[in-house]
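In what follows, a structure is listed as structure tokens, so that the remarks can point back to it.
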Amino acid sequence: MRLGKPARVILAVVTGLILVAVYVPLFVVLVNSFSTSTSLTWPPPGFTLEWWGKAFQSAGAMEAVLTSLQVAIVATLISLVLGTLISLALQRFTFFGREAISLLIILPIALPGIITGIALNNFFRTIMGVPLSIWTVVIAHATFCIVTVFNNVIARLRRTGTSLEEASSDLGAGIWTTFRLITFPQLRSALLAGGLLAFALSFDEIIVTTFTAGSGVTTLPIFILNNMFRPNQAPIVSVIAVVLVVVSIVPIYIAQRLSGSEQQRR
1 MRLGKPARVI LAVVTGLILV AVYVPLFVVL VNSFSTSTSL TWPPPGFTLE
51 WWGKAFQSAG AMEAVLTSLQ VAIVATLISL VLGTLISLAL QRFTFFGREA
101 ISLLIILPIA LPGIITGIAL NNFFRTIMGV PLSIWTVVIA HATFCIVTVF
151 NNVIARLRRT GTSLEEASSD LGAGIWTTFR LITFPQLRSA LLAGGLLAFA
201 LSFDEIIVTT FTAGSGVTTL PIFILNNMFR PNQAPIVSVI AVVLVVVSIV
251 PIYIAQRLSG SEQQRR
């Protein structure tokens with residue numbers, strides 16, 4: 001399909017406005033992390049690296065980073081295992097209720113975060129009688145991180161088909177041998193891309209975390225929210241926000257590159 005010149009101009013203008021609306025605020029946060037003002041006035045009266053040094057010396061910030069990393073890593077590992085198993089079950093086998101299960105797997109990523117948070121909070125505290133802790137946060141994050149792994153893996157399974165697996169079975173290979181030598185190599189890049197996206201999704205999640213974290217659990221997004229309006233903390237929060245953006249961009253960029261490379265090879 002070819003667009004006329006007026007349509008291309010309109011499309012370019014709309015795209016430019018959207019990009020400006022998304023990235024100009026991020027640029028402002030980056031500039032404010034170097035500002036000499038403690039109240040983040042604009043334009044900045046001067047520039048300094050003082051806040052970067054204080055941010056990396058902040059025990060609370062470093063503890064929050066470590067907590068976020070722990071939650072994101074464990075949630076990603078759980079998502080990789082469960083997402084892969086569910087994808088194999090739904091793609092390789094036919095049974096009653098398969099479409100309904102597929103819908104239920106995808107639903108958590110479509111629900112508003114506040115709904116998921118309230119539901120999980122009630123489940124942990126009322127039904128299970130479990131105190132909120134870092135493990136309830138991990139389980140909560142895994143519920144929506146599974147979706148990213150599931151979508152990547154099941155899409156790959158649909159493209160690869162079953163011919164190589166059937167040939168492996170015909171040659172006498174067992175289930176685990178076939179999975180190790182045939183299925184897993186075909187899924188490797190999809191698993192890596194799904195895992196990176198799940199990690200990024202978990203690392204900067206705040207709404208569900210707010211409802212499922214105990215009083216002693218502070219992830220990096222919660223630390224930012226708690227310190228945003230405290231005196232002399234705004235520049236440090238800007239530094240941490242910049243770091244959070246970078247940490248979120250890197251896995252998404254790698255996952256995108258992996259998906260693009262896979263499509264080019266095909």
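Throughout the sequence shown, residue numbering follows the UniProt record's numbering, covering 1 to 266 in sequence. All residues carry an ideal CB built from backbone N, CA and C; glycine is no exception.
{"Query": "Within the segment 115-153, note down every full beta strand (DSSP E) run reaching 3 residues or more, in order along the chain.", "Result": "none"}
{"Query": "Which of the three DSSP states is assigned to residue 35 in this structure?", "Result": "strand"}
{"Query": "In three-state terms, what does DSSP make of residue 95?", "Result": "coil"}
{"Query": "Give the DSSP-derived three-state secondary structure of residue 27 in the structure shown.", "Result": "helix"}
{"Query": "Give every residue of the same chain whose Cβ lies closer than 7 angstroms to the Cβ of residue 165, excluding the five residues on either side of it in the sequence, and list them in chain order.", "Result": "178, 182, 183"}
{"Query": "Give the secondary structure of residue 223 by DSSP, where H, G and I count as helix, E and B as strand, and everything else as coil.", "Result": "helix"}
{"Query": "Below 8 angstroms, how does it come out for the segment 196-216 and the segment 44-62: are there three or more Cβ pairs, yes or no?", "Result": "no"}
{"Query": "Whose C-alpha, out of 238, 204, 224, 245, is nearest the C-alpha of residue 73?", "Result": "204"}
{"Query": "Which residue comes first and which comes last in the alpha helix (DSSP H) that contains residue 166?", "Result": "163-170"}
{"Query": "Taking the DSSP output, what are the residues bridged to residue 47?", "Result": "35"}
{"Query": "Is it buried or exposed for residue 163, if we count other Cβ within 10 angstroms and need 16 for buried?", "Result": "exposed"}
{"Query": "How many angstroms separate the CA atom of residue 126 from the CA atom of residue 20?", "Result": "45 angstroms"}
{"Query": "Taking DSSP as the reference, what is the three-state secondary structure of residue 112?", "Result": "coil"}
{"Query": "According to the neighbour-count rule (16 or more other Cβ atoms, all chains shown, within 10 Å of its Cβ), is residue 108 buried or exposed?", "Result": "buried"}
{"Query": "Check whether the Cβ of residue 205 lies closer than 7 angstroms to any Cβ atom in chain C.", "Result": "This model lacks chain C altogether; it includes just one protein chain."}
{"Query": "Following the continuous alpha helix (DSSP H) through residue 184, name the residue where it begins and the one where it ends.", "Result": "184-203"}
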